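Chains as they are written, first to last, in this note's numbering: chain G, 325 to 575; chain B, 2 to 216.
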């Protein structure tokens, strides 16, 4: 598993403010998920390609990110054309290609790819602390913000700890038997990792409290300000979403 | 067991967000009613990181290996903190890997969060109720049910939501076959997760029983 780390050259186009980015992506994603007509789907694809190009994130990254999440969609796209619908387009032995299933599969694949591209281009390129700042700016409860920040702090440590323990377990040799060797050994390894990580998490949290985190009078988190350009881009994207909705309603 | 974007209609995805918002509000209100709501925060964050990185944890089941889902363990260990923790984990998975979906974040929260809350209920009944001094065998059986049951409940929710929301209708035979294939395909994961939860909770009960059932 690889987490792509945003670089200092993370795309800031077309919207830099994380709050507006989140709003824009959510609005477009929900809009895209309603489209079924040929024209709205074609415009959705064109808009997505334009936004990917503008963001400068690159298609290579998109293709790399697609490997795992596409499995459920790939299964549906493979199955629907041969299992769903009554209008048979062609038959290859017992397998019949059906029009309704093919249409549904194409729509699913297109909508999935476009929403996936939006998420990767707009949100995956955002440094994680900026993403959390955006969520805070949108009013996510403070407890969940603190949980998210602490989680980000633990992910790398946990990954390293887990890899170390797994190597150590392999070097020591697992006990014999399925229960003792596979399940109990792994379960105890996970449990000891949880204990160790919990102790570290407590230490980090208490250190944050001692430094004044959340205390009355503590320095407020950085405030986000949306530029005129960001607001203009959001307005353009709202207009594009409204156009797609209208075309879908008319088609 | 994540529903991706682009498959389900707007009514389903918005309904999922509404359901998960309600469940989160309930969870946060229960957490706020605790004497120190932030007490469980370090444990919840640590478990969120584990949930986020769950694909790291391979259990060798010949001929391949399975990844843990961890909903049952999250529920047993975090109580009401489990749902916000799962939502944060799902958000990071969707944003960083594109795993799951953005419009389906609510539904995925329900699919993994409800089993976690069910697991919490079962664990609390055992640890706080009249069965708190239950024999180790009973505790192991309940732990197994917590882990395996959470997987099967999540599979049932996933299959029901996906089949009901597909934009085209499958015939009854295909639907039955799909549900059967999903259920049979997840039995190894359910058994594995049940046994791993037995081992993890057994270890924690002996070393740090306060880590279980944060309520």
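Note that beta-carbon positions come from the ideal geometry of N, C-alpha and C, so glycine has one too. Given the structure is predicted, the values throughout are model-derived calculations rather than measurements.
Can you give me the Cβ contacts of residue 35 of chain B inside the same chain, cut-off strictly under 7 Å, excluding the 5 residues immediately before and after it?
-> Translated into the one-based positions of the second chain, residue 35 of chain B becomes position 34. The answer is none, since no qualifying residue turns up.
Taking all protein chains shown into account, do 16 or more other C-beta atoms lie within 10 angstroms of the C-beta of residue 383 of chain G, making it buried, or fewer, making it exposed?
-> Within the first chain, the letter at position 59 stands for residue 383 of chain G. Classification of residue 383 of chain G: exposed, given that the 10 Å Cβ count is below 16.
Is there at least one Cβ from chain B nearer than 7 Å to residue 368 of chain G's Cβ?
-> By one-based count along the first chain, residue 368 of chain G stands at place 44. Using a CB distance cut-off of 7 Å, residue 368 of chain G does not count as an interface residue toward chain B.
Taking only beta-carbon positions, decide if residue 168 of chain B is within less than 7 Å of chain G.
-> One-based indexing of the second chain puts residue 168 of chain B at position 167. Yes, because at least one Cβ of chain G sits closer than 7 Å to the Cβ of residue 168 of chain B.
Does residue 448 of chain G have its Cβ less than 7 Å from a Cβ in chain B?
-> Locating residue 448 of chain G in the first chain gives position 124, where the first residue counts as 1. Interface with chain B (7 Å Cβ-Cβ cutoff): residue 448 of chain G is included.
How about residue 523 of chain G and residue 445 of chain G: are their beta carbons less than 7 Å apart?
-> The residue you call residue 523 of chain G lines up with position 199 of the first chain. The residue you call residue 445 of chain G lines up with position 121 of the first chain. In this structure, the beta-carbon distance from residue 523 of chain G to residue 445 of chain G does not fall below 7 Å.
Minimum Cβ-Cβ distance from residue 54 of chain B to chain G less than 7 Å | For the purposes of this step, residue 54 of chain B is identified with residue 53 of the second chain, where counting begins at 1. Output row for residue 54 of chain B: interface = yes.
Name the residues in the region 339-371 of chain G whose C-beta lies less than 8 Å from a C-beta of chain B; which are they?
-> Closer than 8 Å at the C-beta level to chain B, one finds these residues of the region 339-371 of chain G: 349, 350, 353, 354, 356, 357, 358 and 360.
Candidates G:404, G:436 and G:338: which alpha carbon is nearest residue 422 of chain G's?
-> As a first step, residue 422 of chain G is located in the first chain; it is residue number 98 there, counting from the start. The shortest C-alpha separation from residue 422 of chain G is found at G:404.
The region 396-409 of chain G: which residues have C-beta closer than 7 Å to a C-beta of chain B, in chain order?
-> When C-beta distances to chain B are compared with 7 Å, the residues of the region 396-409 of chain G below that value are 396, 397, 400, 404, 407, 408 and 409, in chain order.
Near residue 100 of chain B, which residues of its chain fall below 7 Å by C-beta distance, leaving aside the five closest residues on each side in sequence?
-> Within the second chain, the letter at position 99 stands for residue 100 of chain B. 3 and 94, listed in sequence order.
What are the complete beta strand (DSSP E) segments, minimum 3 residues, inside the region 369-453 of chain G?
-> Qualifying beta strand (DSSP E) stretches, in chain order: 412-416 and 419-422.
To the nearest angstrom, report how far apart residue 213 of chain B and residue 80 of chain B are at their CA atoms.
-> By 1-based counting over the second chain, the position of residue 213 of chain B is 212. By 1-based counting over the second chain, the position of residue 80 of chain B is 79. One C-alpha to the other measures close to 8 Å.
Who are the neighbours of residue 569 of chain G on chain B, taking C-beta pairs under 8 Å?
-> Start at 1 with the first residue of the first chain, and residue 569 of chain G comes out as number 245. Within 8 Å Cβ-Cβ: nothing; residue 569 of chain G doesn't reach chain B, min ~10 Å.
Could you check what DSSP says for residue 68 of chain B in three-state terms: helix, strand or coil?
-> Taking the second chain and counting its residues from 1, the one referred to as residue 68 of chain B is at position 67. Collapsing the DSSP output to three states places residue 68 of chain B in a strand.
Expected contact under 8 Å - CB spacing of residue 156 of chain B and residue 179 of chain B to nearest Å | As a position in the second chain, residue 156 of chain B is number 155, starting the count at 1. As a position in the second chain, residue 179 of chain B is number 178, starting the count at 1. The beta carbons of residue 156 of chain B and residue 179 of chain B sit about 12 Å from each other, so the pair does not count as a contact at 8 Å.
Taking the C-alpha atoms as reference points, what is the distance between residue 431 of chain G and residue 441 of chain G?
-> Here residue 431 of chain G refers to the residue found at position 107 when the first chain is read from its first residue. Here residue 441 of chain G refers to the residue found at position 117 when the first chain is read from its first residue. Between residue 431 of chain G and residue 441 of chain G, the C-alpha separation is close to 15 Å.
Cβ of residue 55 of chain B within 7 Å of Cβ of residue 69 of chain B?
-> Stepping through the second chain from its first residue, residue 55 of chain B is reached at position 54. Stepping through the second chain from its first residue, residue 69 of chain B is reached at position 68. A distance below 7 Å separates the beta carbons of residue 55 of chain B and residue 69 of chain B.
Note down the Cα distance separating residue 555 of chain G from residue 398 of chain G, rounded to an integer number of angstroms.
-> The count along the first chain starts at 1 and reaches residue 555 of chain G at position 231. The count along the first chain starts at 1 and reaches residue 398 of chain G at position 74. Their backbone Cα atoms lie some 37 Å apart in a straight line.
Cβ neighbours of residue 331 of chain G in the same chain (closer than 7 Å, five flanking residues each side left out) = Taking the first residue of the first chain as 1, we reach residue 331 of chain G at position 7. Low confidence applies here, because residue 331 of chain G scores a pLDDT of 44, under 50, leaving its location unreliable; read the following figure in that light. Taken in chain order, the list of residues that qualify is empty.
Contact set between residue 37 of chain B and chain G, taken where Cβ atoms lie within less than 7 Å | As a working mapping, residue 37 of chain B is identified with position 36 in the second chain. What residue 37 of chain B touches in chain G: nothing, since even the nearest Cβ is about 11 Å away.
Check whether the Cβ atoms of residue 450 of chain G and residue 338 of chain G sit closer than 7 Å, and answer yes or no.
-> Taking the first chain and counting its residues from 1, one reaches residue 450 of chain G at position 126. Taking the first chain and counting its residues from 1, one reaches residue 338 of chain G at position 14. Going by C-beta atoms, residue 450 of chain G is not nearer than 7 Å to residue 338 of chain G.
Helix, strand or coil for residue 499 of chain G, going by three-state DSSP, please let me know.
-> For this step, residue 499 of chain G is matched to residue 175 along the first chain. In the structure shown, residue 499 of chain G sits in coil (DSSP, three-state: anything other than H, G, I, E or B).
Residue from G:370, G:345 and G:573 whose Cα sits closest to the Cα of residue 458 of chain G = Position 134 of the first chain, counting from 1, holds the residue named residue 458 of chain G. Taking residue 458 of chain G as reference, the option from G:370, G:345 and G:573 with the minimal CA-CA separation is G:345.
Using a C-beta cutoff of 7 Å, does residue 383 of chain G count as contacting chain B?
-> As a first step, residue 383 of chain G is located in the first chain; it is residue number 59 there, counting from the start. It does not: the Cβ of residue 383 of chain G has no partner Cβ on chain B nearer than 7 Å.
Report the three-state DSSP secondary structure of residue 46 of chain B (helix, strand or coil).
-> Sequence index remark: in the second chain, residue 46 of chain B carries index 45 (1-based). Reduced to three states, the DSSP call for residue 46 of chain B is helix.
Short CB-CB distance (under 7 Å) between residue 572 of chain G and chain B | Within the first chain, numbered from 1, the residue matching residue 572 of chain G stands at position 248. No - not a single Cβ of chain B is within 7 Å of the one on residue 572 of chain G.
Chain-ordered chain B contacts of residue 468 of chain G [CB-CB under 7 Å] = As a first step, residue 468 of chain G must be located in the first chain, where it is residue number 144. Identification of chain B residues near residue 468 of chain G by a Cβ-Cβ cut-off of 7 Å yields 85 and 89, ordered along the chain.
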